[in-house]
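Working notes, structure below.
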Amino acid sequence: MIAGLTGRLITKSPSCLILDVHGVGYEVFIPLSTYFALPDLHETLSLHVHTQLRENGIQLFGFLTPQEKEAFLLLTAISGVGGKLALSILSTLSVPDLITAIQANDLTALTTVPGIGKKSASRIVLELKDKLARHPLGSDHSASPASTPPEVIDDAISALTNLGYRAREVTLTVTQISRRHRTPLALPDLIREALKDLSARR
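Counting from 45, one number per residue, gives the positions in the sequence shown under my numbering.
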């Protein structure tokens, strides 16, 4: 099983990348949190990898941190949660936010994930709450960065939606940008950075 890869980043998209490891190109599926933190093309990248066996081959899922990989493994151990849905969860909620939602029985936070309804959210909380109590996902979530105020995030989402971007895409983009900054963003800066990310995907 492949547990980690280090190589040269050849291509990248919000859902996957290709890593050149000694002349072999590996396609690796990733969450948005990993995509937003990727280096420039042709630079060296190291990923924590989970290998999933399928009837028609294998799929590789990659993460920048061991905590994200561990969260992915916990999620995919739940009945009905496959690799792609687990990535969708980690693309919408950071590991600290996922932990908080599970500990607080916050079904609303989980149902913001595309493909997760109230029934699925309840099952995730039920199956993970005890596991997280017995085996916490690392300790780095206790020192999360200062976040952009909710009203600024809401205003940015509203402004970008009015420009014609899809609400779900805008929400994911703005949320991820606010999380990757260690200091709160002003509204113009948040909109400017979101426009850059949204334009890059088109």
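Quick reminder that beta carbons are idealized off the backbone N, C-alpha and C, glycines included.
- The criterion of a C-beta distance shorter than 9 Å is not satisfied by Ile197 and Val169.
- Two segments are said to touch when three or more pairs of C-beta atoms, one from each, lie closer than 8 Å; by this definition the stretch 88-107 does not touch the stretch 152-166.
- Counting every other CB atom within 10 Å of its CB across the protein chains shown gives Leu108 a total of 16 or more, marking it as buried.
- For the pair Ala238 and Val214, the CB atoms are nearer than the 9 Å cut-off.
- Thr136 sits away from Gly127, with the two beta carbons spaced by 9 Å or more.
- In this structure, Leu118 sits away from Pro83, with a CB-CB distance that is not shorter than 9 Å.
- At a cut-off of 3 residues, the continuous stretches assigned as beta strand (DSSP E) that sit fully inside the stretch 50-112 are 60-65, 68-73, 88-98, 101-107.
- Classified as buried, Leu134 has 16 or more neighbouring CB atoms from the shown chains inside 10 Å of its CB.
- One alpha carbon belongs to Glu112, the other to Val139, and they sit about 6 Å apart.
- As the crow flies, the alpha-carbon of Ile201 is around 7 Å from that of Ala211.
- DSSP places Gly48 in the strand class (E or B) of the three-state scheme.
- When the beta-carbon positions are compared, Val72 and Leu104 come within less than 9 Å of each other.
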